[in-house]
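Novice: The numbering used here puts the first residue of the sequence shown at 5, with every later residue one more than the last.
The beta carbon of each residue, even a glycine, is placed where N, CA and C say it ideally should be.
Provided herewith is a single structure, encoded as structure tokens, for subsequent inquiry.
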Amino acid sequence: MKFIRAILGAMILAWDALTRPRPMTRSAAEQAEVDDQTRHMSLYQFHTCPFCVKVRRQIRRLGLNIELRDARQPDIAKQLVDGGGKRKVPCLRITSDGQDQWMYESNDINAFLQEKFG
Ligand SMILES: N[C@@H](CCC(=O)N[C@@H](CS)C(=O)NCC(=O)O)C(=O)O
């Protein structure tokens, strides 16, 4: 099972690398404004999870600089479980006025990013 998962993961990463979307471009001022907003966001994810790849592609497509956090690392997984309530990825953490919002579900995250930055 582990072996099959590793093969599938490698195939997903290869497909992602070969078909990587081109990032949208903005003026330097617009990008700086977007960067200001995404500075308060981080994506909890696994490298080979297909749902995480889907969100990472959206992040790239939209030209966003969002910190990626590897939820296989115990300390990162603990942040996710303590803050979001479950060890499920992808999860977008959005910090605003000292409050954290934990958004699960790749479709919801992608729709949110599209709405905000598309
Ligand atoms: N419907 C979810 C599915 C996410 C999902 O199943 N994620 C898996 C990894 S691919 C997960 O976090 N499983 C829990 C675990 O491995 O601990 C989405 O679209 O985000």
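What residues does ligand 1 have around it, judged by CB closer than 5 Å to any heavy atom, in chain order?
Specialist: Cys53, Phe55, Arg91, Lys92, Val93, Glu109, Ser110
Novice: Measure the beta-carbon distance from Ser110 to Phe55 and round it to whole angstroms, keeping in mind my assumption that it falls under 8 Å.
Specialist: 4 Å
Novice: Specify the secondary structure class of Met15 as computed by DSSP and reduced to three states.
Specialist: Look at Met15 here: in three-state DSSP terms it is helix.
Novice: Quick check on DSSP: helix, strand or coil for Cys53?
Specialist: coil
Novice: Have a look at Gly67, Leu66, Asp40, Arg60 and flag the residue whose alpha-carbon is nearest the alpha-carbon of Arg73.
Specialist: Arg60
Novice: When the distance is taken between beta carbons, is Leu17 closer than 8 Å to Thr52?
Specialist: yes
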